[in-house]
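First comes the structure, then the notes that go with it.
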Ligand SMILES: Nc1nc2c(c(=O)[nH]1)N[C@H]1C(S)=C(S)[C@@H](COP(=O)(O)O)O[C@H]1N2
Ligand SMILES: [Mo]
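Residue numbers (the numbering used here): 3 to 187.
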């Protein structure tokens, strides 16, 4: 009797394990955004001089960092922002992604400001206080589709007009697209 129970238990363990593998294969796990700098919590080690070539290209080095894949960003809670700036096409764009505040909380950000950097090297700086007060999201979805590389993806820093002190009413210049790196300073 006992051995039959043990067999059933072992079978269950195997089934759960293979289910987890299937799930892992479904979520591709590719990192979209990496947070570096003054963090209380990290989930990866130092930049690899060979494999982390794009960080090296941008002269970004780190001993530890927090790497977010799509599912981990989504798990922070998807906020929705329907946005339009005067220079944009007439139809507003609906963007979804976690709030910057949620990202900063997850990594236990300990600095005063953050630099948000795009693939082309374009970067903007914000006081953490400003990010926490406003409606800043790290959008990973636009009009129902994942933001793609070649488009505005992997992530787009989005916020409505009037989100930071002295933001000109019509200016979307700090809405950084192809975001891949956030440095807490
Ligand atoms: N990565 C990246 N993001 C960027 C920029 C850029 O050059 N590179 N330009 C900024 C500026 S100056 C503006 S006005 C807005 C809108 O740029 P677009 O009109 O090229 O979409 O994106 C901002 N985000
Ligand atoms: Mo601009």
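We put the beta carbon where it would ideally sit given N, CA and C, even for glycine.
query: heavy atom of ligand 1 below 7 Å from residue 157 C-beta; result: no
query: Alpha-carbon to alpha-carbon, residue 159 and residue 2; result: Absent from the structure is residue 2, since the part of the chain shown begins at 3 and ends at 187.
query: Closest residue to residue 103 among 131, 122, 117 (Cα-Cα distance); result: 131
query: Euclidean distance between Cα positions of residue 174 and residue 47; result: 34 Å
query: Shell residues, 7 Å Cβ cut-off relative to heavy atoms of ligand 1; result: 89, 120, 121, 122, 124, 173, 174, 175, 176, 177, 178, 179, 180
query: Cβ contact check for the stretch 56-68 and the stretch 128-146: 3 or more pairs under 8 Å; result: no
query: DSSP-derived helix/strand/coil call for residue 72; result: helix
query: Residues sharing a beta bridge with residue 65, DSSP; result: BP columns for residue 65 are empty, so no partner.
query: Paired residues, beta bridge with residue 159 - DSSP; result: 140
query: Contact set for residue 167: own chain, Cβ-Cβ below 8 Å, skip 5 residues either direction; result: 132
query: C-beta atoms of residue 171 and residue 109 nearer than 8 Å; result: no
query: Neighbour-count burial assignment, residue 100, 16 or more Cβ in a 10 Å radius; result: buried
query: Boundaries (first-last residue) of the alpha helix (DSSP H) holding residue 130; result: 130-135
query: C-alpha distance - residue 2 paired with residue 83, whole-angstrom precision; result: With the chain represented from 3 up to 187, any question about residue 2 goes unanswered, as that position is not in the structure.
query: Closest Cα partner of residue 79 within the set 140, 67, 36; result: 140
query: Alpha-carbon to alpha-carbon, residue 69 and residue 155; result: 16 Å
query: Residue nearest to residue 90 in terms of C-alpha spacing, selected from 113, 162, 184, 54; result: 162
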